[in-house]
Amino acid sequence: MMDASYATLAAALQPFIAIAAAFTLPLTSLMVKKKEALDGFALTVLSANFALSLFVFIHLYLVCDKPLVYAFGSWPPPVGIVYEVDRAGALVGSLISGLVLIAAVFSVGYLKGEERVNLYYTLLLGFEAGMLGCVYTGDIFNLFVMLEVMSVAAYCLVAFHREVPEAIEAAVKYAIVGSIATTAYFIAIAFVYGTFGTLNMADLALRLRESYMPISAPFLGNVLLGSALFLALTFWAFSLKAAIAPNHFWLPDAHPAAPSPISALLSGAMVKVSLFALMRYLFTIFGGAVKVAPVVQALNYALILLGGVSALIGSLLMLTQRDLKRLIAYGTIVNVGYIAMGIGLASPSGLTAALFHLVNHAIGKSLLFMASGAFIHVAGARNLDELAGVGKRMPLVSASYLIGALALAGAPPLNCFMSKLLLLVAYLESTWLTPVVVIVVLTSALTLMGYLKAFYHIYARQPAADITSKRLPASMLAPLLVLASLCILLGLTAPLFVEHVVSPATSSLLSVQEYVSAAQSIMRMVSGG
Amino acid sequence: MWDLIESACLYVGLALAVTGALCDLLGALGLLRFPNFFVRLHAATVGIIGGAVYPLFGLTLMTIGCDFLGYWRWLFASGSFITAIIIAITAPAGSHALARGAHRSGVAVEPKLCDKLAEDRRGD
Amino acid sequence: MTIESFLQICGYLVLAAIMAISLYGIVKGRSLIKKLIALTILGDAANALIVYIGFRFGAKYPPVLPSLTPAPEDISWFVSVAVDPVPQCLVITAIVINMAITMFLVFTVIQVYRIYGTTMVKKISRLRG
Amino acid sequence: MKTVILFLIPVFGVSVILYSVRVARGPTIPDMALAVDCLSYDVCFLMALLAVYFEAPFLVVCAICLALWAYMFDLYMAKYLEKKELGE
Amino acid sequence: MNLTKRVLGFAAVFLLLFAFFLVASASVSPADIAMGLIVAGIVAAFTSTMVIKEQPHKAFDVRRWFWALVYFLYFFLVVEPLCHFDVAKRILHPKMPINPGIVRVPYNLKGDYAVTMLACSITNTPGTVVVDLDGNGRKFYVHWIDVKTMEEDECRKAISGAFEKYARRMFE
Amino acid sequence: MSLLVEFLLIFSLILGAYFSFLAIKSRDLVKAIVFSAGQSSAFALAFFLLMAPDVVLAYLAVAVGIYTIVLLYAVKKTERFEEDE
Amino acid sequence: MSLKDAVLGVAMAVFLLMVSVVVVLGGTGWTPSTEIRPLAKFYLENCFNVFNRTWWAASPEAVTSMLWDYRGIDTYYETSVFFLAVIGGVTIFRVTEAKLHRKMDDVGLSLIVKTTTRMVFPLVVIVSASVALHGNLTPGGGFQAGVILAVGPLLLIAAFSRSFLEENLKLSKDRCLIIRSVGLIAIALLVALPLMAGSLSLMQNQAKPWSQALQLPEAVGPIWTSGTLLFFNVAEFLAVGAGFTLLFLLLSAPEEELKRAIGL
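Residue numbers (our numbering), protein chains in the order written: chain G, 1 to 529; chain U, 1001 to 1124; chain C, 2001 to 2129; chain F, 3001 to 3088; chain Y, 4001 to 4172; chain V, 5001 to 5085; chain A, 6001 to 6264.
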């Protein structure tokens, strides 16, 4: 019992520590002017967070399989805010904090000579806090707040290169679109509060199943209408945040404009957070409730359709790009499409494929963005023509880029191959959606072409005459190697990984009963003791 | 004695509030009817001083006279009194600033008998 | 249909109309600053909507207990007349958040003007080609 | 007393309408700013009045705040009209 | 000398702010008095030099406060209603009998507060609004709704005569 | 009797809608800002009638004050008119 | 306005009207709502239930007790949203040195406005302090009071100039950032206070039967602090006031100098 409560505290502390560190950073930077000290401070905090998230992960996978519930202010669920971490949450959470740590290590070298390092790290810490909070939270409105923490940090980070026209313009566009999305989510919260009179996710799931928690009471409004409005607006908001097909227009501007480590985080982690929230709503809370089944079914079909469309659009547009980072950003749209297709299948196998692909894509895409960041850092340009031949000078970076590209395109021994295979299998199992596999195969081929085109330009072409012989610092190289080896490792151990890590996560996402009873147990503990 | 004071306060306050409402209506009407910005300022003064400051003072008196509000009447009274004071201090400064800005940005003073300020500024 | 329910429906209609107007402004605004203004109005309308959902026709009182030494009947009276505090709490949070984003957007819009020399959306995209 | 207040409220409502007509029509910006100013002070008094009507003492606080912000609005409008940079 | 001045200024501002805090809180409970003392002390320490620049001893002169009270009553009970009535007549009259214009009104006061009080009084009475002021030439430019004369001294008599007397008694 | 207050609520919402329509329509950005300040005043009255004093305090400050001023700053530093083309 | 625009607007309006009618007819419960939802009833009953202190927040103000106690962590992160936006603003506008070379008399508005503002400034600060210190008893609280506090510097910026603020009140950008950070760190420490006292719960205000730990009392002498709520309010008050001052100091920096400093 003691152990479990420490694990819950570890989950709750992660965003708190990140934000508290962000609060202290400006003050610290006024006292200590050295860049190294700030680097050390940020890295310490981030690795502490990573350790905490690993602790939560290990606890959930090895010690106790019940979701962890942390009640803030020791108020039980319907009264106060709770963090509720199940296995899926722990998986995504530790993935995110690991990626942020790696990106921070990368930025140590990347930011050499930049005078606003303190502000950068402050925003990075806030960004991590927002993402982790989104993943761990068990409260609908707290999700909104954390979403805003994450988004504001992301807008600011996109605008970090303030003298670059594209960056500022992308930040404005992204911020306007993003704030419309979050306002839509806020209106959705208004509807759900009006209909159900609660803001807690577990309580909401209970109420959809004709039951309620001690302090609550029966239904108020028309359940079907209220949930339909809520789900429609939420779906729209999160599809905007996750860049699913008709709402993908901001992503190719915003993601490349940020500093490279941040691009890696935006594509690798932030998009995943929205997808994870969508999974949470569609499966844990609204999934399986008989009353709202038609709505959820319709949204699932919409996800399959839009996911397919975004995979097609992304892969086609990818081929025409001349800008390295923009090309990689279009790759994100493709992969978001795959994950959406996996979610939309609404079967355990589809969800497993989606979760596994989520992890794989996070790692692979971060690797690609960081590698391209290394190229750009050395060459000082983003255009493929100007980058010609840079790769020859940096064989290790080129190798890791190649591994990432092959992994994302789905070359056999690497990780994304496995998850795409799972997705194909899931679609082949389904009754009438089998033809969709054509899209997956086709777009995989197209993405491979896109990435290899970029690789050809970088590695095989003759370098321009006056290419600089800038050396890459070790702090930028190490993250690439770590991520590349992770790609290979996950690919080789995929069956084990799926069986022991992803499948339990999937079953925890699908088991509403466990999720709800964990929240109820807090209430029982309070009122009983 | 206290009863007498209370009812006196109440009625004076009510009278002030009613006058304030009338002044406000007049100010709004004047703001609509008058021909240019500078003349409208006078109507606005009627609307602000007559329509907000006087009735707020009236409200102060009125709430002091209200027996049924109990202890809380002091909160009402102090709130409306502070508001009245702040408006009485700041409103003239605000409309003066607006007038100055308007004159400098070239808002027409027509119809007019004379415009000494424009003459003097032209001399500068 | 009673007159209260008619009034409530009227309120929802007006709020929806404001949202429609502001969405139109966001989509069609030529200038970034116009888009910003429309965005603030959209946020306001959303806030008003959620407070309106927590409103109570008939008996009403702000959710503040007017006494530091209440009797039991004071509390039961308070519960029977006060409006819903939950939406107000949510709205205060949302107001602060909207304000923060608007401030940030203003900063970026000024920076856009410094770089491009204009805030018109069409011109900016034309400049980039 | 409450009946008197009840009769006063529509009068203030009418003047709010008249002010807003001036806001909409106002040919120049100072006109509109002036009308918004008057409208704010009007709303300010209306708030105090309604607080008494509802017998909810805490509602009065809002009026003070509105008066302050209306003054601020005036100053910045004036500063804008004087064609100076706002921070000078 | 300088120290006494500063202490006096601090005391004046402190008392004013403390009273204001109590009125704003609408209570004289021990808690409010304690908090008021602290807050007023801090704020006065920061702002006393800004609020009162010179001759703080004037704030403790009872006669000035007496004149302030007299002026306040006179202004709000006599001058204002008359002016309101005048402007209301102009608003309601079908022909709108106005003949507006901006006239010069000289004044003979020194301190900032005196000038400001005079200008605020002029602006607060409907019918006259201070548009601008010339600090060196000691002149207001007043927009007058009913220009009876353009002579400077007569304008002064008609617009600011009564106020200036009180302003001098209160602030000089 | 208290129906009047409900009518006032609807009235203030309609006023807000009217002002927001004007704000969206006007080409002059300063005028749009003034209109949005008017809309904020109307909404503040609406929040007041919805019995939310905390919200009124926060909303007034943010909408009447901060938004207006910050947008004025933005207009001052950029450009005033929405041009055609 | 072309026909396409009109059609678009009308379509949007019709769609939203339909949605709202749907909402009214079934989505949000009672029409007209004369009752409140059970959860809200719980908050109203318990926020200052002196007879059964198990669930209370020790504050008669339901909204503040929700903001800083029942749903406190929301407000903590909401503060951090504003903090991040301020940092974003600094990121974009940060310059090393941009000074205004002009005499004090030329800048600002007229003498009347200056004197009035000088007089009103302390009153504004006092009103804001009153709102902040009574935040747990009457409407208002940290954020609201902080914004009113920011009126003061803003008035000074408008009536005098930016440099007046820096010279007379010694409020520079760095100092604002320091005040803001100190306020925010105080908030973070208050959130973590129960943790240091041996309890496992963050953001706990009053002791509960199931979570006993060293807690702040609900009143200190005559001052009703509602546990931690008053301290939260004061810290937020300082932080928000300083944050707004910082933002407007940044915004009112002279444009030409800024452009040159950024290097555009």
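Ideal placement from N, C-alpha and C gives every residue a C-beta, glycine not left out.
From a predicted model like this one, the values you see are computed outputs, not experimental measurements.
Tell me the DSSP bridge mates of residue i?
i: Pro-4106 of chain Y; result: Y:Lys-4139
i: Lys-6208 of chain A; result: A:Ser-6211
i: Asn-383 of chain G; result: G:Asp-323
i: Ile-6223 of chain A; result: A:Val-6220
i: Asp-3037 of chain F; result: Per DSSP, none; premise fails for Asp-3037 of chain F.
i: Met-2120 of chain C; result: C:Ser-2031
i: Asn-6049 of chain A; result: Partner(s): none; Asn-6049 of chain A has no beta bridge.
i: Glu-3082 of chain F; result: Glu-3082 of chain F pairs with nothing; no bridge assigned.
i: Met-4046 of chain Y; result: It is Phe, not Met, that sits at residue 4046 of chain Y in the sequence shown. Looking at the DSSP assignment, Phe-4046 of chain Y forms no beta bridge with any residue, so it has no partner.
i: Glu-6061 of chain A; result: C:Val-2064
i: Phe-5081 of chain V; result: V:Asp-5028
Where do the N-terminal and C-terminal ends of the alpha helix (DSSP H) with residue i fall, by residue?
i: Ala-181 of chain G; result: 165-196
i: Tyr-5018 of chain V; result: 5003-5025
i: Cys-416 of chain G; result: 415-429
i: Leu-6258 of chain A; result: 6255-6262
i: Leu-1059 of chain U; result: 1054-1065
i: Asp-6074 of chain A; result: 6072-6093
i: Trp-2077 of chain C; result: 2072-2081
Note the first and the last residue of the continuous beta strand (DSSP E) segment covering residue i.
i: Tyr-2061 of chain C; result: Neither: Tyr-2061 of chain C is in no beta strand (DSSP E) and is coded neither H nor E.
i: Asp-4215 of chain Y; result: Limits of chain Y in this structure are 4001 at one end and 4172 at the other, which puts residue 4215 of chain Y out of reach.
i: Glu-532 of chain G; result: The first residue shown for chain G is 1 and the last is 529, placing residue 532 of chain G beyond what the model contains.
i: Ala-71 of chain G; result: 68-71
(message) Quick check: the region 4099-4109 of chain Y against the region 1057-1071 of chain U, are at least 3 beta-carbon pairs closer than 8 Å?
(response) Contact between the region 1057-1071 of chain U and the region 4099-4109 of chain Y is absent, because fewer than three Cβ pairs lie under 8 Å.
(request) Examine the Cβ distances between the region 4133-4152 of chain Y and the region 5008-5027 of chain V and report whether three or more of them are shorter than 8 Å. (result) Taking 8 Å as the limit for Cβ pairs, the verdict is that the region 5008-5027 of chain V does not touch the region 4133-4152 of chain Y.
(request) Please list the residues of the region 2043-2059 of chain C that have a C-beta atom closer than 8 Å to any C-beta atom in chain A, keeping them in chain order. (result) Correct list: Ile-2053, Gly-2054, Phe-2055, Arg-2056, Phe-2057, Gly-2058, Ala-2059.
(message) Taking 8 Å as the cut-off, does the region 1048-1062 of chain U touch the region 1010-1017 of chain U (at least 3 CB pairs, one atom from each stretch)?
(response) Taking a contact to require three or more Cβ pairs closer than 8 Å, the region 1010-1017 of chain U and the region 1048-1062 of chain U qualify as touching.
(request) Could you please tell me which residues of the region 6054-6072 of chain A, in chain order, have their CB closer than 7 Å to any CB of chain C? (result) The residues in question are Pro-6060, Glu-6061, Ala-6062, Val-6063, Met-6066, Leu-6067, Arg-6071.
(request) Would you list, in sequence order, the uninterrupted beta strand (DSSP E) runs of no fewer than 3 residues that lie entirely inside the region 4061-4107 of chain Y? (result) Entirely contained in the region 4061-4107 of chain Y, the beta strand (DSSP E) runs reaching 3 residues are, in chain order, 4101-4106.
(request) Would you be able to state if there are at least three C-beta pairs under 8 Å between the region 2093-2110 of chain C and the region 2034-2045 of chain C? (result) Result yes; three or more Cβ-Cβ pairs closer than 8 Å.
(request) Could you run through the region 4022-4044 of chain Y and flag, in chain order, every residue whose CB is less than 8 Å away from some CB of chain A? (result) Per Cβ criterion, the list reads Ala-4024, Ser-4025, Ser-4029, Pro-4030, Ala-4031, Ala-4034, Met-4035, Val-4039, Ala-4040, Val-4043, Ala-4044.
(message) So, does the region 6078-6091 of chain A touch the region 94-112 of chain G, judging by three or more C-beta pairs under 8 Å?
(response) Counting Cβ pairs under 8 Å, fewer than three are found: no touch.
(message) Residues of the region 1063-1095 of chain U in Cβ contact with chain Y at a cutoff of 8 Å, in chain order, please.
(response) Residues Trp-1074, Leu-1075, Ala-1077, Ser-1078, Gly-1079, Phe-1081, Ile-1082, Ala-1088, Ile-1089, Ala-1091, Pro-1092, Ala-1093, Ser-1095.
(request) Please name the residues in the region 3038-3062 of chain F whose beta-carbon is closer than 8 Å to at least one beta-carbon of chain C, in chain order. (result) Those residues of the region 3038-3062 of chain F that come within reach of chain C (Cβ to Cβ, closer than 8 Å) are Phe-3054, Ala-3056, Pro-3057, Phe-3058, Leu-3059.
(message) Taking 8 Å as the cut-off, does the region 4027-4044 of chain Y touch the region 6215-6225 of chain A (at least 3 CB pairs, one atom from each stretch)?
(response) Judged by Cβ distances under 8 Å, the region 6215-6225 of chain A makes contact with the region 4027-4044 of chain Y, as three or more pairs qualify.
(request) Could you run through the region 4128-4141 of chain Y and flag, in chain order, every residue whose CB is less than 9 Å away from some CB of chain A? (result) Contacts with chain A (Cβ-Cβ distance below 9 Å) from the region 4128-4141 of chain Y involve Val-4130, Asp-4132, Leu-4133, Gly-4135, listed in chain order.
(request) Would you list, in chain order, the members of the region 5013-5040 of chain V that have their beta-carbon closer than 8 Å to a beta-carbon of chain C? (result) Residues of the region 5013-5040 of chain V that bring their beta carbon within less than 8 Å of a beta carbon in chain C comprise Leu-5013, Ile-5014, Gly-5016, Ala-5017, Ser-5020, Phe-5021, Ala-5023, Ile-5024, Leu-5029, Ala-5032, Ile-5033, Ser-5036, Gln-5039, Ser-5040, in sequence order.
(message) Tell me which residues of the region 6234-6249 of chain A have at least one Cβ-Cβ distance to chain C shorter than 8 Å, keeping chain order.
(response) Within the region 6234-6249 of chain A, the residues whose Cβ lies closer than 8 Å to any Cβ of chain C are, in chain order, Leu-6247.
(request) Decide if the region 3004-3017 of chain F is in contact with the region 1016-1024 of chain U; the criterion is three or more beta carbon pairs, one per stretch, under 8 Å apart. (result) With a cut-off of 8 Å, the region 1016-1024 of chain U and the region 3004-3017 of chain F count as touching, because enough Cβ pairs lie within range.
(request) Below 7 Å between beta carbons is the criterion; list the residues of the region 6069-6095 of chain A that meet it against any residue of chain C, in chain order. (result) Listed by position, the residues of the region 6069-6095 of chain A near chain C (Cβ gap below 7 Å) are Arg-6071, Asp-6074, Thr-6075, Glu-6078, Val-6081, Phe-6082, Ala-6085, Gly-6088, Gly-6089, Ile-6092, Phe-6093.
(message) Along the region 4096-4107 of chain Y, where does the CB come closer than 9 Å to a CB of chain U? Name the residues.
(response) Look at the region 4096-4107 of chain Y: the residues with a C-beta under 9 Å from a C-beta of chain U are Met-4096, Ile-4098, Asn-4099, Pro-4100, Gly-4101, Ile-4102, Val-4103, Arg-4104.
(message) Counting only Cβ-Cβ distances shorter than 9 Å, please list the residues of the region 155-169 of chain G near chain A, keeping chain order.
(response) Flagged, chain order: Tyr-155, Cys-156, Leu-157, Ala-159, Phe-160, Arg-162, Glu-163, Ile-168.
(message) Across the region 6187-6204 of chain A and the region 28-48 of chain G, are there enough close Cβ pairs to call them in contact, namely three or more that are closer than 8 Å?
(response) Cβ pair count under 8 Å is below three, so no.
(message) Is it the case that the region 442-457 of chain G contacts the region 520-528 of chain G, given that we only count it when at least three CB pairs across the two stretches are under 8 Å?
(response) No, they do not touch.
(message) Does the contact criterion of 3 or more C-beta pairs under 8 Å hold for the region 169-176 of chain G versus the region 220-237 of chain G?
(response) No contact exists between the region 169-176 of chain G and the region 220-237 of chain G.
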